[in-house]
Amino acid sequence: MRKPTINRYSILSLLAPVFGFVTAMIILLIIVIAIGKNPGEAVAAILRMTTSSASRFGTVVSQAIPLYIAGIAVAFAFKGGVFNIGVEGQYFVGGLVGAIAGIYLKLPSIIHIPVVVLFAMAGGALWAAIPAYLKVKRGVHEVITTIMFNNIAIYLVNYLVNVPLSGFTGGESLEPQTKAIQSTALFGKLNGFFQALGWKIGNHVYLDYSLIVAIVMGFIVWFVLFKTRYGFDVRAVGTALDASHFAGIRIGRVQIGTFLMSGALAGLIGLQEIFAIRGYYTYEIAAGVGFDGIAIALIGRNNPIGVVFAALLFSFLKQAGYGLQLYVGIANSVSYVITGLMILIIVIANEVMTRYIRRLRRQEAG
Amino acid sequence: MDIFLAFLLRGIQVSAPIAFASLGAVFSERGGVVNIGLEGTMIVTTFAVVWGSITFNSSLVGVIIAIIAGTLIAAIHAVATITYKVDQIVSGVAINILALGISRFLSQNIFGQETQTPFNSNVPPAPFGVNIYALLLIPIAIIAWFVLYKTVFGLRLRSVGENPESADTVGINVHMMRYAGVLISGAMCGLSAATLYPSQWVSGMTGGRGFIALAAMIFGRWHPIGAVLASMLFGYAETFRIMFETQIPIPGQFVQMFPYVLAVVVLAGIVGKARAPAADGLPYEKGED
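Here the protein sequences come in this chain order: B and Z. FYI, my numbering numbers position 277 of the first sequence as 277, with every residue one higher than the one before it. FYI, my numbering numbers position 61 of the second sequence as 427, with every residue one higher than the one before it.
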């Protein structure tokens, strides 16, 4: 008797994201009509940009990689009751620490690549350490400290890239940047592998080693959270602080661990851009991914599998924006409008649905 | 002496955008709603003030439009968090993304450029070289203090943020008071925009001031005067950098990060004394459903 009801409830709770996406798309079409463009052409442009070929869809997957890592970084923190708004700063610092290992260490490729990944994680965790300490030991709310640390990170990496680590040669690019990362640390592409499997993606698409990193980290997060004693403690602290305390869980220690793990994951967000696309570090790497991660974690219900879909959805919307700009001449900023609205509609629909389910349960209980 | 006076006046100008947003945050959080969407709200109001001033050829109309725009954006946050009890941080994050899109999209479709507007010559008057709204900062801060601590409205707003159950029991409309707090925070972002740089909108010009305003509010212990003083600390630190950067023997980036480091140090130090309203961040649900 019990099982089917639970399934029915979980299907109901899946409705919110679907509803949010559909509503956001309808609003998009209304905006398109309002500025005097053809909605049919807009839909065609979105599909053309995202799904019309293996390469186009490959690009959606490629751009979902950093978003996915951001999503699981935030989700892990959420699970332990920690609100990590500092993912943004953690990946700027983590990426730089990883890049330093890539520039200055001399190692064979098979060791160098795992080393830069570990350095990036260490850098991200380092940047999360002080907010974690202040939260647990001094009771300073992490939302404020991590926001401050985001800003500190921006100026810190700006200084480091411009002064001590500068590799600026005055040649082809005016962009402030570090020296080039050694070839042994660069991320190769997996395109050949996918082509052999029959997925005809072009060589220009970036499906690089960061995809492996994302998959491995997703698995680790799932395993730690759901298959280990520590993960049980994390989830207990995240859902019932008082009960965990009485159950003898050392809350402070668990929360510091959660925070550091979240920061370590965040450190990996920039890998694709730094090690596969650019081959050097600059503070001009894509900003805002940390904040996207908050929404992605939420829409993916803080579940490593759910976050896959949420990250693909965000990537899809970004590409849809570029498609609208390229083929119909609509400013691609419309994708931010749609993304913001979609998040709001999903979270509101979630609340409405949760209340509805609670009422159903109460009725069933009699 | 001249340079000192220039520093004082410039500091008011630089502090005002942060201080107004921070005052707004005090009202929102005293009512129990965390508004991390202030940054996004400021992005929209800074666009609105320029658009309004150009379109209606009047700086006053521009400021009024900015206040209305800020209130509307805050209304989204209010509906989501108060009526639908959505997580307040998440709603704020969504508003920040949405606001970035709205301002750029409107700029593209109205002015043909996505990341900046044309120059606006209808700027507010500036006696002593200081934006007139910035000069109103101190009186407005005193009014805010008076409203919050000396009026029935203020008492009710604070009670709703401290203990919504009791407030409800004595007949205070919890949701309505919270709406008021959040909407005031949006309106205040209109004044922020009026003082930031009303002669042109450029994407990214708010530069995290909405977040700084939140820190200033906590730093100022959720008190209007405290929030304004904390904002002025940030503002004057920034002014010092702007005016004397070339004469300071340390790299500019460290001078720029100083206010943020200061905020962390101070927050770590004053804890225990700084206490958020008890029901800050928590949705209120009447009875059972």
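We put the CB at the ideal spot given by N, CA and C, even for glycine.
Neighbour-count burial assignment, PHE226 of chain B, 16 or more Cβ in a 10 Å radius: exposed
Measure the alpha-carbon distance for ARG235 of chain B versus LEU389 of chain Z and round it to whole angstroms. 37 Å
What is the rounded straight-line gap between the Cα of ALA64 of chain B and the Cα of PRO114 of chain B? 21 Å
Suppose you measure from the CA of SER597 of chain Z to the CA of ILE384 of chain Z; what does that come to, to the nearest Å? 6 Å
Residue burial classification, THR239 of chain B (beta-carbon count within 10 angstroms, cutoff 16): exposed
Are there any heavy atoms of the ligand ADP lying less than 8 Å away from the beta-carbon of GLY231 of chain B, as far as the coordinates show? Questions concerning the ligand ADP fall outside what the structure shown contains, since it holds no ligand whatsoever.
Member of B:TYR155, B:ASN332, B:LEU317 whose CA lies at the smallest distance from the CA of LEU47 of chain B: B:LEU317
Leaving out five residues on either side along the sequence, give the residues of the same chain with a beta carbon under 7 Å from the beta carbon of ARG369 of chain B. Residue 369 of chain B is absent from the structure shown; chain B starts at 1 and stops at 366.
With H, G and I counted as helix, E and B as strand and the rest as coil, what does DSSP make of VAL347 of chain B? helix
Any residues in the region 120-146 of chain B with a beta carbon nearer than 7 Å to a beta carbon of chain Z? Which ones, in chain order? LEU134, ARG138, GLY139, VAL140, VAL143, ILE144, THR145
Quick one: is ILE33 of chain B buried, meaning 16 or more other Cβ sit within 10 Å of its Cβ, or exposed? exposed
ASN462 of chain Z CB to nearest chain B CB: under 9 Å? yes
According to the neighbour-count rule (16 or more other Cβ atoms, all chains shown, within 10 Å of its Cβ), is ARG362 of chain B buried or exposed? exposed
For VAL368 of chain B, would you say it is in contact with chain Z, using Cβ-to-Cβ distances shorter than 9 Å as the test? In the structure as shown, chain B starts at 1 and stops at 366, and residue 368 of chain B therefore has no counterpart that could be examined.
Please classify THR572 of chain Z: does DSSP put it in a helix, a strand, or coil? coil
Taking Cβ-Cβ distances below 7 Å as the criterion, which residues of the region 574-587 of chain Z are in contact with chain B? GLY574, PHE577, LEU580, ALA581, ILE584
ASP242 of chain B, DSSP secondary structure in three states: helix
PHE370 of chain Z classed as buried or exposed, judged by whether at least 16 other C-beta atoms fall within 10 angstroms: exposed
For GLN177 of chain B, does the three-state DSSP call read helix, strand or coil? coil
Does the Cβ of GLY478 of chain Z have 16 or more other Cβ atoms within 10 Å, making it buried, or fewer, making it exposed? exposed
Extract the residue ranges of the alpha helix (DSSP H) inside the region 493-522 of chain Z, only unbroken runs of 4 or more that lie entirely within it. 498-501, 503-516
Could you confirm whether any beta carbon from chain B is found closer than 9 Å to the beta carbon of LYS652 of chain Z? no
Is there contact here, the region 196-210 of chain B with the region 100-109 of chain B, by at least three beta-carbon pairs under 8 Å? no
Distance CB(LYS189 of chain B)-CB(LEU207 of chain B) smaller than 9 Å: yes
Can you say whether ARG358 of chain B is buried or exposed, counting buried as having 16 or more other CB atoms within 10 angstroms of its CB? exposed
Stretch-stretch touch, CB-based, cutoff 8 Å, three pairs: the region 427-434 of chain Z with the region 299-307 of chain B: no
Specify the secondary structure class of GLN482 of chain Z as computed by DSSP and reduced to three states. strand
For chain B, check one thing: does any of its Cβ atoms lie closer than 9 Å to the Cβ of PHE620 of chain Z? yes
Can you give me the start and stop residues for the alpha helix (DSSP H) that LEU211 of chain B sits inside? 209-227
Between the alpha carbons of GLY40 of chain B and GLY263 of chain B, how many angstroms are there, rounded? 43 Å
Closer than 6 Å by C-beta to LYS451 of chain Z: which residues in its own chain qualify, once you throw out the five before and the five after it? Chain order, please. PRO649
Taking the alpha carbon of LEU29 of chain B as the point to measure from, which residue in B:ILE338, B:GLN182, B:GLU364 has its own alpha carbon closest? B:ILE338
How about ILE285 of chain B and ILE69 of chain B: do their beta carbons lie closer than 9 Å? no
Could you work out which residue in Z:SER532, Z:SER424, Z:THR535, Z:GLN622 is closest to PRO490 of chain Z when comparing CA atoms only? Z:SER424
Check whether the Cβ of LEU298 of chain B lies closer than 9 Å to any Cβ atom in chain Z. yes
Buried or exposed for ARG2 of chain B, please, with buried defined as at least 16 other CB atoms from any protein chain shown within 10 angstroms of its CB. Any reading at ARG2 of chain B is ruled out, since the residue's pLDDT is 45, under 50, leaving its predicted position unreliable.
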